[in-house]
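Chemist: In the numbering used here, the protein residues as written are 1 to 426.
1) Are the beta-carbon atoms belonging to residue 286 and residue 154 less than 8 Å from one another?
2) Look at the alpha carbon of residue 290 and the alpha carbon of residue 403, and state the distance between them as a whole number of angstroms.
3) State the Cα-Cα distance for the pair residue 63 and residue 256, rounded to the nearest angstrom.
4) Assign residue 202 to buried or exposed, taking buried as 16 or more other Cβ atoms, counted over all protein chains shown, within 10 Å of its Cβ.
5) Got a sec, what are the start and stop residues for the alpha helix (DSSP H) residue 389 sits in?
6) Between the alpha carbons of residue 272 and residue 383, how many angstroms are there, rounded?
7) Pull the bridge partners of residue 375 from the DSSP assignment, please.
8) Given a threshold of 16 other Cβ atoms within 10 Å of its Cβ, counted over all protein chains shown, does residue 253 qualify as buried or as exposed?
9) Any heavy atom of the ligand NAP closer than 7 Å to the CB of residue 69?
10) If contact is defined by three or more beta carbon pairs under 8 Å, each pair taking one atom from either stretch, is the stretch 153-167 in contact with the stretch 393-411?
11) Determine the burial state of residue 396: buried for a count of at least 16 other Cβ atoms within 10 Å of its Cβ, exposed for fewer.
12) Threshold first: 3 residues or longer. Then list the beta strand (DSSP E) segments lying entirely within the stretch 155-222, N to C.
13) Looking at the structure shown, is residue 365 part of a helix, part of a strand, or coil, going by DSSP?
14) Identify whether residue 418 lies in helix, strand or coil by the three-state DSSP scheme.
15) With 16 other CB atoms within 10 Å as the buried threshold, where does residue 418 fall?
16) Quick one: residues in its chain with C-beta nearer than 7 Å to the C-beta of residue 103, no 5 flanking neighbours on either side, listed in chain order?
17) With DSSP run on the structure shown, which of helix, strand or coil describes residue 442?
18) Could you check the C-alpha separation between residue 189 and residue 376 for me, to the nearest Å?
19) Determine which residues share a DSSP beta bridge with residue 381 and list them.
20) Give the DSSP-derived three-state secondary structure of residue 298 in the structure shown.
21) Using only the alpha-carbon positions, how far apart do residue 119 and residue 130 sit?
22) According to the neighbour-count rule (16 or more other Cβ atoms, all chains shown, within 10 Å of its Cβ), is residue 43 buried or exposed?
23) Would you list the one or two residues that DSSP bridges to residue 76?
24) Note down the Cα distance separating residue 430 from residue 199, rounded to an integer number of angstroms.
25) Could you please give me the residues that DSSP links to residue 146 through a beta bridge?
26) Would you call residue 27 buried or exposed, if buried means 16 or more other Cβ atoms sit within 10 Å of its Cβ?
27) Whole angstroms are fine: how far does the CA of residue 349 sit from the CA of residue 223?
28) Beta-carbon separation of residue 114 and residue 174 under 8 Å?
29) For residue 352 and residue 364, what's the separation of their Cα atoms in angstroms?
30) According to DSSP, is residue 114 part of a helix, a strand, or is it coil?
31) Determine the extent of the beta strand (DSSP E) in which residue 129 is found, giving its start and end residues.
32) Is it buried or exposed, residue 86, if we count other Cβ atoms within 10 angstroms and call 16 or more buried?
33) If distances are taken between C-alpha atoms only, which option among 388, 385, 370 comes closest to residue 142?
34) Out of curiosity, what's the CA-to-CA distance linking residue 99 and residue 105?
35) Thinking C-beta only, is residue 220 closer than 8 Å to residue 250?
36) Taking residue 192 as the reference, which of 246, 420, 413 has the closest Cα?
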């Protein structure tokens, strides 16, 4: 028995992150002479989103360690090779080629819409599988579909459909849309608007819509005052990172009485930063750690001892961490089923495959390679009001209360609306 070496940790992009707070012990098997199965990751290992990528790398490494501890996959060790994309598409393009041509990775994973789009295109050109375990631009499973691309997380359109379903079924009357001004932000807003219009009750209305520069604002007051002046009692947003933090902090400071319904509020880093200003808002999406499923319970039991001293963001496999874990475990299971890392074999094994995700039963839709599954919706509660059995962070900060599931049928983009020729022909 031997602990993971520092070289192993560095190669996985985890050195200094605290990801292996309780290092895994694995048996060194006589791995096959063909060498390891390599999973390449393009991650934001620097900049504002570094903490998200640290969590994603930790989750993917965790999935690999589980397999390696049982003798590997197809008689081979699974190795994670993570590099810094700097969250920039041009940098990601260079690093993707380095991973595919230099490291000879078998599968490529990437984080970030623009980065993922570039990575998917390069992987397709190299005839290698690209896997997205974070929000992917909808066109990559739609009009710009490539057979080597697999989306294991919801795109912004699917989460927007979930937000519309929640709001239409609530007592909210007036809604304002405020999103970041980039492809996924606008797609989220447009999809919400269309779906809400179809679902809304007669006394519900959309009262405004704005898009703001991404990660360039320090003062949201002009937008917040516009939202407040509209008479809205709810704000739909797909914002994330510092834009979401500043929006909620400054909204509270300006005294708004508006419920934010967004995609990424179950973020411990956000909760620590804004504190009680987060209470009462609602988050929709995957993964939500308080959505009780057998798979969620199983991985919580395995995860918590190893990461009990990790940074808050991935002390639990919630949000982006859970999505990355779920995707990595599913990917490795598909490789096992295929009996190969050859692209054609993986495509055949994965199309139509069913899997018990952390958040419920999932299927990989054959025509567009998009995960189809339920998702969670939960309100942020003061720590004292969270039921003790799911108060995973103790009394440290407010967090999500019990989550309920929105069914897959309410979230999946209809085949006729995907823009994907394969789906239209189905």
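Glycine included, every Cβ here is placed at the ideal spot set by N, Cα and C. Model, not experiment: these values are computed from the prediction.
Modeler: Reading off the structure:
1) In the chain shown, residue 286 corresponds to position 286, counting from 1. In the chain shown, residue 154 corresponds to position 154, counting from 1. Going by C-beta atoms, residue 286 is nearer than 8 Å to residue 154.
2) Along the chain shown, read from residue 1 onward, the residue named residue 290 stands at position 290. Along the chain shown, read from residue 1 onward, the residue named residue 403 stands at position 403. Straight-line Cα distance between these residues: approximately 5 Å.
3) Start at 1 with the first residue of the chain shown, and residue 63 comes out as number 63. Start at 1 with the first residue of the chain shown, and residue 256 comes out as number 256. Their Cα atoms are separated by approximately 43 Å.
4) For the purposes of this step, residue 202 is taken as residue 202 along the chain shown, with counting starting at 1. Label assigned to residue 202: exposed.
5) Sequence index remark: in the chain shown, residue 389 carries index 389 (1-based). Element bounds for residue 389: n/a, residue is neither H nor E.
6) Residue numbering aside, residue 272 sits at position 272 when the chain shown is read from its first letter. Residue numbering aside, residue 383 sits at position 383 when the chain shown is read from its first letter. One C-alpha to the other measures close to 12 Å.
7) Taking the chain shown and counting its residues from 1, the one referred to as residue 375 is at position 375. Residue 375 is bridged to 406.
8) In the chain shown, the residue the question calls residue 253 occupies position 253. Under this definition residue 253 is an exposed residue.
9) Looking at this structure, you won't find the ligand NAP or any other ligand, since it has none at all.
10) yes
11) Counting from one through the chain shown, the residue named residue 396 turns up at place 396. It counts as exposed.
12) 174-180, 205-212
13) Taking the first residue of the chain shown as position 1, residue 365 is located at position 365. Residue 365 falls in the coil class under three-state DSSP.
14) Residue 418 sits at position 418 when you count from the first residue of the chain shown. Residue state, collapsed to three classes: coil.
15) Position 418 of the chain shown, counted from the start, is the residue given in the question as residue 418. Buried is the call here.
16) Residue 103 sits at position 103 when you count from the first residue of the chain shown. So the qualifying residues of the chain are 38, 40, 81.
17) Summary: the structure shown does not reach residue 442, with the chain confined to residues 1 through 426, and so no result is reported for it.
18) Numbered from 1 along the chain shown, position 189 holds the residue referred to as residue 189. Numbered from 1 along the chain shown, position 376 holds the residue referred to as residue 376. So the two alpha carbons sit approximately 19 Å from each other.
19) Your numbering for residue 381 matches position 381 in the chain shown. In DSSP, residue 381 forms a bridge with 399.
20) As a first step, residue 298 is located in the chain shown; it is residue number 298 there, counting from the start. DSSP places residue 298 in helix when its eight states are reduced to three.
21) Position 119 of the chain shown, counting from 1, holds the residue named residue 119. Position 130 of the chain shown, counting from 1, holds the residue named residue 130. Residue 119 and residue 130: Cα-Cα distance of roughly 7 Å.
22) If you number the chain shown from 1, residue 43 lands on position 43. Result: buried.
23) Your numbering for residue 76 matches position 76 in the chain shown. According to DSSP, residue 76 bridges with 73.
24) In the structure displayed, the chain extends from 1 to 426; residue 430 sits before or after that span and is not available.
25) Walking along the chain shown from the start, residue 146 turns up at place 146. Paired residue(s): none; residue 146 is not in a bridge.
26) The sequence position of residue 27 within the chain shown is 27, counting from 1. Only weak support is given to the placement of residue 27: the predicted model assigns it a pLDDT of 40, under 50, and the question is left unresolved by the model.
27) In the chain shown, the residue the question calls residue 223 occupies position 223. In the chain shown, the residue the question calls residue 349 occupies position 349. One C-alpha to the other measures close to 48 Å.
28) Here residue 114 is taken as the residue at index 114 of the chain shown, counted from 1. Here residue 174 is taken as the residue at index 174 of the chain shown, counted from 1. Cβ atoms of residue 114 and residue 174: not closer than 8 Å.
29) Translated into the one-based positions of the chain shown, residue 352 becomes position 352. Translated into the one-based positions of the chain shown, residue 364 becomes position 364. For residue 352 and residue 364, the distance between alpha carbons rounds to 5 Å.
30) Looking up residue 114 in the chain shown gives position 114. Here residue 114 sits in helix by DSSP.
31) Position 129 of the chain shown, counting from 1, holds the residue named residue 129. Element bounds for residue 129: 129-132.
32) Position 86 of the chain shown, counted from the start, is the residue given in the question as residue 86. Residue 86 is buried by the Cβ-count criterion.
33) Within the chain shown, the letter at position 142 stands for residue 142. Considering only alpha carbons, the answer is 370.
34) Working through the chain shown from its first residue, we reach residue 99 at position 99. Working through the chain shown from its first residue, we reach residue 105 at position 105. Each residue's Cα considered, the two are about 6 Å apart.
35) Taking the chain shown and counting its residues from 1, one reaches residue 250 at position 250. Taking the chain shown and counting its residues from 1, one reaches residue 220 at position 220. Yes; because the gap between Cβ atoms is below 8 Å, this pair is in contact.
36) As a working note, residue 192 is residue 192 in the chain shown. For the residues 246, 420, 413, the minimum Cα distance to residue 192 belongs to 413.
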